[in-house]
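Each remark here refers to the structure printed beneath this line.
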Amino acid sequence: MAEKSHVDLGFVEKTDPENLTCQHFPSKIGGKPAWLSLAPLPTPNQLQCPKCSGICIFLLQVYAPVEDDSNAFHRTVFVFLCKNPNCHQPNSNAPFCVVRSQLPRDNDFYNPDPPTPATPIPSKGDNLCAVCGIAGPKCCAKCHSRSYCSKEHQVIDWKYGHKQNCSNSEEDGSTKRSQVLFPEYELLIEEEEFQKKEEKSESEKKEELSSFLTSDKASSLLQDCTQEELEKMSNQSEDRTFSKFRKRVEHAPDQVLRYDRGGSPLLVSNDNKPDNIPQCTCGAKRQFEFQVMPQLLSHLGVDQVGASIDWGTLCVYTCSKNCYQGNQYQHEYLWKQDYSK
């Protein structure tokens, strides 16, 4: 029998990009951010990687209003990361950035009525970088109609199309420019359901393992394993946290996000568990809100030989008091946990 959980799951789905613009309050993966508050946006310096000083690229956003908070009638949490694989080290959150935005129903940007397919994109707001969609304080010195977050992105835009189309105000983004971004998907949210299996006792597990190790099948498999592989298998078998993670995820293996505000993350390892989460700048404690699952990596096109972007899970923590500073974005905290070696 299927049991319901207090956790919501996120899945990727292709959709019309017009459904993912800011006036529809989307949850989404990749592409350019669909900002909630349209001004003031986080500055490029605030979205800069502390390791290489490059601009962090939009990864995902989760639309998560809070029913009993009038200042969070609209509320979205955004996650950015550096695309330089050399900046990504085991269990390090350095190349990630999280910001939160929330607005009351009556605000400076959106009609209080629910949006329709014909609702236009708000015309007010900060200039956006033509390449990555974050705040663009710089502009093309020739046409003054293209904005940029950095010299680096201005060079990319100039090299892959703007040089030929500088006088064309209707210029669109090129394929080469879009390679700066991650592929764009809608993030569909569904309530978690799973079949609860009867857990075997420790004695039953030991008996099964003992029986397997003395079987012909085990002998055939194990003789081909190196000592290093055997040790790795042994370590993983002893990691009950990973076993719990695997069993829970197998009910919905395509999940890319787990949302459980005020709950606890589903960890991948006994090592490097979230600890000493810093308080919000308002002084309140931060609480767990959602985690990004490793399955998302297969949709991002980041696999490569050598250094690469990778994670076991990314746990996002936000202000427990949901502090509100008008249209300003608030910085939140991410904990990266990798698999045990």
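For the sequence shown, position 88 matches number 87 in numbering that gives the first Met the number 0, and the numbering has no gaps at all.
Glycine included, every Cβ here is placed at the ideal spot set by N, Cα and C.
Spatially closest choice to residue i from the options, by CA coordinates
i, options, result
"Glu151", "Gly325, Phe287, Cys131", "Cys131"
"Gly311", "Pro273, Ile120, Gln327, Gln324", "Pro273"
"Ala129", "Phe289, Lys31, Lys340", "Lys31"
"Ser242", "Ser263, Arg260, Ser268, Pro264", "Ser268"
"Trp334", "Asn275, His23, Gly29", "Asn275"
"His298", "Val65, Phe181, Asn83", "Phe181"
"Asp112", "Gln324, Pro49, Phe24", "Phe24"
"Pro89", "Ile308, Asn326, Cys314", "Ile308"
"His5", "Arg245, Arg260, Leu296", "Arg260"
Residue i (DSSP reduced to helix, strand or coil)
i, result
"Cys86", "helix"
"Gln327", "coil"
"His161", "helix"
"Ser4", "strand"
"Thr20", "coil"
"Gln401", "Nothing can be reported for residue 401, as the shown portion of the chain is limited to 0 through 340."
"Glu191", "strand"
"Thr118", "coil"
"Val179", "coil"
"Leu40", "coil"
"Val100", "One point to set straight first is that residue 100 is Ser, not Val, in the sequence displayed. Here Ser100 sits in strand by DSSP."
"Thr317", "strand"
"Thr14", "coil"
"Leu46", "helix"
Proximal residues to residue i (C-beta, below 7 Å), its chain only, five neighbours per side dropped
i, result
"Ser236", "Low local confidence applies: a pLDDT of 49 at Ser236 is under 50, so the model's placement there is unreliable, with the coordinate-based value given in what follows. There are no such residues."
"Cys322", "Cys279, Cys281, Ala283, Gln329"
Cut-off 8 Å between Cβ atoms - residues of its own chain near residue i, not counting five sequence neighbours on either side
i, result
"Gln47", "Gly53, Ile54, Cys55"
Same chain only: Cβ atoms within 6 Å of residue i, ignoring 5 sequence neighbours per side
i, result
"Ala251", "Leu8"
"Leu80", "Cys55, Leu58, Pro94, Phe95"
"Lys137", "Tyr147"
"Thr174", "Confidence at Thr174 is low in this model, with a pLDDT of 49, below 50, so its placement is unreliable and no value can be given for it."
"Met0", "At Met0 the pLDDT is 47, less than 50, meaning the model places this residue with poor confidence; the figure from the coordinates comes in the next sentence. Excluding positions up to five away in sequence, the list is empty."
"Phe135", "Correcting the residue identity first, residue 135 is Gly in this sequence and not Phe. Taken in chain order, the residues that qualify are Asn126, Leu127, Cys128, Ser146, Tyr147, Cys148."
Open item on the list: Extract the residue ranges of the alpha helix (DSSP H) inside the region 131-159, only unbroken runs of 4 or more that lie entirely within it.
Closed with: Taking only runs of at least 4 residues, the alpha helix (DSSP H) segments lying wholly in the region 131-159 are 150-156.
Open item on the list: Three Cβ pairs or more, each shorter than 8 Å: is that satisfied between the region 270-283 and the region 315-328?
Closed with: Three or more beta-carbon pairs drawn from the region 270-283 and the region 315-328 are found closer than 8 Å, and the two stretches are therefore classed as touching.
- [ ] Specify whether the region 4-24 and the region 252-261 touch according to this definition: at least 3 beta carbon pairs, one from each stretch, less than 8 Å apart.
- [x] Yes: at least three Cβ pairs fall under 8 Å.
TODO: Spell out a yes or no on whether the region 27-35 and the region 56-76 are touching, meaning 3 or more CB-CB pairs, one atom from each, closer than 8 Å.
DONE: Enough Cβ pairs lie closer than 8 Å, so yes.
Open item on the list: Check whether the region 105-119 and the region 88-95 touch, using three or more Cβ-Cβ pairs below 8 Å as the test.
Closed with: No, the region 105-119 is not in contact with the region 88-95.
- [ ] Go through the region 256-310 residue by residue and report every complete run of the beta strand (DSSP E) that reaches 3 residues or more, in order.
- [x] Every beta strand (DSSP E) stretch that sits fully inside the region 256-310 and reaches 3 residues is listed by chain position as 256-258, 285-291.
- [ ] Evaluate the contact criterion for the region 56-70 versus the region 157-167: three or more CB pairs, one atom per stretch, below 8 Å.
- [x] The region 56-70 vs the region 157-167: no contact.
Open item on the list: Extract the residue ranges of the beta strand (DSSP E) inside the region 52-80, only unbroken runs of 3 or more that lie entirely within it.
Closed with: DSSP runs (the beta strand (DSSP E)) wholly in the region 52-80: 56-62, 73-80.
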